[in-house]
Amino acid sequence: MITPEKHLDLNRCVLRAGAEMLSFLKRERVSSFEKVRAKLVKVLGSDADVLFQPTINFLFLIGRIEYHPAADRFEYIEGIQSQIQDKGGVSE
Numbered sequence: 175m176i177t178p179e180k181h182l183d184l185n186r187c188v189l190r191a192g193a194e195m196l197s198f199l200k201r202e203r204v205s206s207f208e209k210v211r212a213k214l215v216k217v218l219g220s221d222a223d224v225l226f227q228p229t230i231n232f233l234f235l236i237g238r239i240e241y242h243p244a245a246d247r248f249e250y251i252e253g254i255q256s257q258i259q260d261k262g263g264v265s266e
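Numbering follows this note's numbering, with no gaps: position 46 of the sequence shown is 220.
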């Protein structure tokens, strides 16, 4: 499990950037590379330059986004729990 540590600045970390990016992509579903990057810059300021690529890597590794190189777009991927609930499966 990934947890924040004592000295982690929560305003400048991959976890916050990932949350902001997922929030944006959840609304948009599919968005261009530039729109996603611009949204992150708007929210995080100059820290977005450093955090953008690690955030993309993190979200891709946990299976929450997919990149389509031909269209240069990111796609939001629903979590497994959301998919199960949408199909009338297990509820919390």
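By construction, the Cβ of each residue, glycine as well, lies at the ideal position given by its N, Cα and C atoms.
Coarse secondary structure for residue i, derived from DSSP in three states
i, result
"glutamate 252", "coil"
"serine 205", "strand"
"arginine 190", "helix"
"arginine 247", "strand"
Check: residue i C-beta below 7 angstroms from any heavy atom of the ligand MG
i, result
"valine 215", "This structure simply doesn't include the ligand MG, nor any ligand for that matter."
Supposed close pair residue i, residue j - CB separation, criterion 8 angstroms
i, j, result
"leucine 199", "serine 205", "6 angstroms"
Run of the beta strand (DSSP E) containing residue i, from where it starts to where it stops
i, result
"isoleucine 230", "Per DSSP, isoleucine 230 belongs to no beta strand (DSSP E); it is in the alpha helix (DSSP H), 221 to 235."
"histidine 181", "Here histidine 181 belongs to no beta strand (DSSP E), and DSSP marks it neither H nor E."
Candidates the options: closest to residue i by CA position
i, options, result
"leucine 235", "Ile251, Val215, Pro243 and Glu194", "Ile251"
"alanine 191", "Ala212, Leu182, Ala222 and Asp183", "Ala222"
"alanine 193", "His181, Leu225, Lys180 and Ser220", "Leu225"
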